[in-house]
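Residue numbers (this note's numbering): 55 to 378.
Ideal Cβ positions, reconstructed from N, Cα and C, are used throughout, including at glycine.
The structure displayed is predicted, hence computed values, not measured ones.
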Amino acid sequence: MPEITFREAIRQALREEMEQDDRVFLIGEDIGAYGGTYAVTRGFLDTFGERRVVDAPIAEAGIVGTAVGAAMAGLRPVAEMMSVNFTLLALDQIVNNAAKIHSMFGGHFTAPLVIRINTGFGQLAATHSQNFDPYFAYIPGLKVVSPGTPYDAKGLLKRAIKDLDPVIYLEHGALYNLRGEVPEGEYDLPLGRADIKREGSDITIVTHSRMLQVSLRAAERLAAEGIDCEVVDLRSLRPIDTETILDSFKKTNRALIAEEAWRTCGLGAEIAARIQEEGFDYLDAPIGRVAMPEVPLPYARELERAAIPDEEDVIRGVHEVLGK
């Protein structure tokens with residue numbers, strides 16, 4: 055399979071779905087002539103025209119509100135949020151409209167839209183470098199995916215565009231230039247299904263997005279010490295694939311959850327609770343957690359690096375769980 059970047063994988067998914075289904079259109083800030091802040095949609099305006107690549111004003115609530123209405127009318131909008139931080143301005147449309155349409159209208163209306171959201175750090179200071187994954191995972195009525203490889207980025211986005219429910223698609227800014235193998239033929243991936251990215255026998259590391267790559271590198275370093283880590287990539291944050299997590303945990307009897315968001319009320323707390331509730335009899339050690347310190351992310355580069363979970367944090371977490 056050819057190797058392409060995470061950015062190109064997203065671009066391919068969008069292009070293929072737009073070519074196959076003329077109901078699919080894009081809406082967001084500067085996504086047309088400029089190609090988006092991260093150049094994902096560069097060239098799309100020339101190919102598909104301004105009716106299907108809509109440059110919106112700086113109004114996140116308007117972007118998502120328009121997408122919800124279009125989805126209810128039978129279109130398949132893909133709305134781009136320039137940054138997860140700006141998504142806060144559209145939470146009413148996401149939480150009280152998109153997520154509740156199916157329930158409030160007795161199933162007669164759905165809102166099949168995708169909201170692509172850039173997330174994570176990038177030396178943009180406290181209000182522009184954040185990870186709100188748990189915000190979206192908390193909301194019934196939404197599906198939330200967060201790919202950590204180019205292969206998953208393309209396959210999950212293609213499935214999300216076809217899905218009948220509103221899907222939050224979280225793409226980490228630090229992954230755009232990550233390269234990986236992606237098939238040339240048509241494929242998509244099921245939502246709500248985790249994936250074992252590395253098999254092991256000593257401990258299960260549950261993670262997603264950028265922390266998947268961090269955890270895989272940490273696992274290779276730990277292998278040199280004789281510690282065999284199994285790495286489970288969540289891929290989907292709502293619904294969470296508890297079965298795959300538990301199957302891995304029952305094999306290793308120990309678990310570490312690695313996420314980039316803050317520890318308090320994070321995804322790690324939910325996953326640890328599920329492991330304890332449904333896999334208690336297999337528990338040989340306290341469940342470990344790696345997360346960001348409870349502070350807004352600093353602007354200074356060295357302070358930002360100090361705050362972001364890295365390989366050393368994962369390795370330290372594994373050692374603590376194993377008592378080594």
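>> Check for me: the alpha helix (DSSP H) holding Ala-125 runs from which residue to which?
In response: Position 71 of the sequence shown, counting from 1, holds the residue named residue 125. It spans 114 to 126 - the alpha helix (DSSP H) in which Ala-125 sits, taken as one unbroken run.
> Taking DSSP as the reference, what is the three-state secondary structure of Tyr-223?
Replying inline: Translated into positions along the sequence shown, residue 223 becomes position 169. In the three-state reduction of the DSSP assignment, Tyr-223 falls in the strand class, which pools E and B.
>> Taking the alpha carbon of Asp-84 as the reference point, which residue from Asp-146, Ile-215, Gly-342, Phe-98 has its own alpha carbon closest?
In response: For the purposes of this step, residue 84 is taken as the residue at position 30 of the sequence shown. That would be Phe-98, whose Cα lies nearest to the Cα of Asp-84.
>> Is Gly-160 close to the ligand SAM? I mean its beta-carbon at under 7 Å from any heavy atom of the ligand.
In response: With respect to the ligand SAM, the structure offers nothing, as it holds no ligand at all.
> Can you give the Cα-Cα distance for Leu-300 and Gly-342, rounded to whole angstroms?
Replying inline: For the purposes of this step, residue 300 is taken as residue 246 along the sequence shown, with counting starting at 1. For the purposes of this step, residue 342 is taken as residue 288 along the sequence shown, with counting starting at 1. Distance between Leu-300 and Gly-342, taken at the CA atoms: about 15 Å.
> Is it the case that the Cβ atoms of Thr-306 and Asp-256 are separated by a distance below 8 Å?
Replying inline: If you number the sequence shown from 1, residue 306 lands on position 252. If you number the sequence shown from 1, residue 256 lands on position 202. A distance below 8 Å separates the beta carbons of Thr-306 and Asp-256.
>> So, under 8 Å CB-CB, Asp-249 and Leu-224 are touching, yes? Tell me the CB distance rounded to an integer number of Å.
In response: Along the sequence shown, read from residue 1 onward, the residue named residue 249 stands at position 195. Along the sequence shown, read from residue 1 onward, the residue named residue 224 stands at position 170. About 16 Å; that fails the 8 Å criterion.
> Cα separation between Ala-278 and Ile-329?
Replying inline: Here residue 278 is taken as the residue at index 224 of the sequence shown, counted from 1. Here residue 329 is taken as the residue at index 275 of the sequence shown, counted from 1. Linking Ala-278 to Ile-329 through their CA atoms gives a straight-line distance of about 28 Å.
>> Can you tell me whether Lys-304 is helix, strand or coil according to DSSP?
In response: Sequence index remark: in the sequence shown, residue 304 carries index 250 (1-based). In the structure shown, Lys-304 sits in a helix (DSSP, three-state: H, G or I).
>> Using the three-state DSSP reduction, which class does Thr-101 fall into: helix, strand or coil?
In response: The residue you call residue 101 lines up with position 47 of the sequence shown. Three-state result, Thr-101: helix.
> Which class does Leu-80 belong to by DSSP, given the choice of helix, strand or coil?
Replying inline: The count along the sequence shown starts at 1 and reaches residue 80 at position 26. DSSP places Leu-80 in strand when its eight states are reduced to three.
> Per DSSP, Pro-131 is paired with what?
Replying inline: For the purposes of this step, residue 131 is taken as residue 77 along the sequence shown, with counting starting at 1. Answer by DSSP bridge pairing, in chain order: Phe-79.
> At what residues does the alpha helix (DSSP H) containing Ser-157 begin and finish?
Replying inline: Position 103 of the sequence shown, counted from the start, is the residue given in the question as residue 157. Ser-157: member of the alpha helix (DSSP H) spanning 155 to 158, first to last residue.
> Considering Leu-310, what are the terminal residues of the beta strand (DSSP E) in which it resides?
Replying inline: Reading the sequence shown from its first residue, position 256 is the one you call residue 310. Looking at the DSSP string, the run of the beta strand (DSSP E) that includes Leu-310 is 309 to 316.
>> Rounding to the nearest angstrom, what Cα-Cα distance links Thr-258 and Ile-281 in this structure?
In response: As a position in the sequence shown, residue 258 is number 204, starting the count at 1. As a position in the sequence shown, residue 281 is number 227, starting the count at 1. C-alpha separation (whole angstroms): 11 Å.
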